[in-house]
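First residue of the sequence shown? That's 38 in the working numbering, and the numbers climb one at a time after it.
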Amino acid sequence: MIAKKYRLSEREIKRVFREKKPFFSSMMVANVRKNNFSHARVGILLSGKNTPGSVNRNAFRRLFYKSAWKILESEYDVVVVLKKGTKLSHKNPQDLENFQQNLDFIFQKILSQ
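Pasting the structure below:
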């Protein structure tokens with residue numbers, strides 16, 4: 038798990054959505070906002086439609102926070118949302134691999150900005 042200072046609260050997530058700059062990949066959108074801290078803060082929104090079952094959602098949430106270390110040196114607030122129609126299952130290795138590749142792609146785009 039990631040330390041609390043690197044996570045976004047619900048109020049901060051809403052602020053990111055108001056003042057966002059979106060970055061797109063094939064399965065997700067990263068909404069980014071510059072912050073005043075020396076580190077990034079991250080969050081992910083997973084719905085029951087995209088990832089049915091709490092075990093499934095938590096598996097992808099853990100994978101997201103594990104991958105988020107790559108971006109923590111930047112000064113951004115990042116909220117990742119899956120695109121409509123994207124279905125993920127933690128039992129499918131292809132879904133796990135695609136999710137990881139999309140995260141890497143989006144984080145690379147954010148850092149190269």
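Note that the Cβ used here is the ideal one computed from N, Cα and C, for glycine as well.
Check: Does the count of Cβ pairs from the segment 75-82 and the segment 97-113 closer than 8 Å reach three?
Finding: yes
Next item on the list: Run through the segment 84-133 for me and flag every whole beta strand (DSSP E) of 3 or more residues, listed as ranges in chain order.
Entry: 113-119
Check: Would you report the Cα separation of K71 and F97, rounded to the nearest angstrom?
Finding: Looking up residue 71 in the sequence shown gives position 34. Looking up residue 97 in the sequence shown gives position 60. Approximately 25 Å, taken between the alpha carbons.
Next item on the list: In the DSSP assignment, find the alpha helix (DSSP H) that holds I50 and state where it starts and stops.
Entry: Counting from 1 along the sequence shown, the entry for residue 50 is found at position 13. I50 -> alpha helix (DSSP H) spans E47 to R55.
Check: Would you say N135 and M64 are within 8 Å of each other, going by their C-beta atoms?
Finding: As a working note, residue 135 is residue 98 in the sequence shown. As a working note, residue 64 is residue 27 in the sequence shown. The answer is yes: Cβ separation under 8 Å.
Check: How long is the line joining the alpha carbons of K103 and S126, rounded to whole angstroms?
Finding: Taking the sequence shown and counting its residues from 1, one reaches residue 103 at position 66. Taking the sequence shown and counting its residues from 1, one reaches residue 126 at position 89. Cα to Cα, K103 sits roughly 18 Å from S126.
Check: L45: buried (16+ other C-beta within 10 angstroms of its C-beta) or exposed?
Finding: Translated into positions along the sequence shown, residue 45 becomes position 8. Result: buried.
Notebook entry, point to check: Per DSSP, L82 is paired with what?
Noted result: Mapped onto the sequence shown, residue 82 falls at position 45. V118, per the DSSP bridge assignment.
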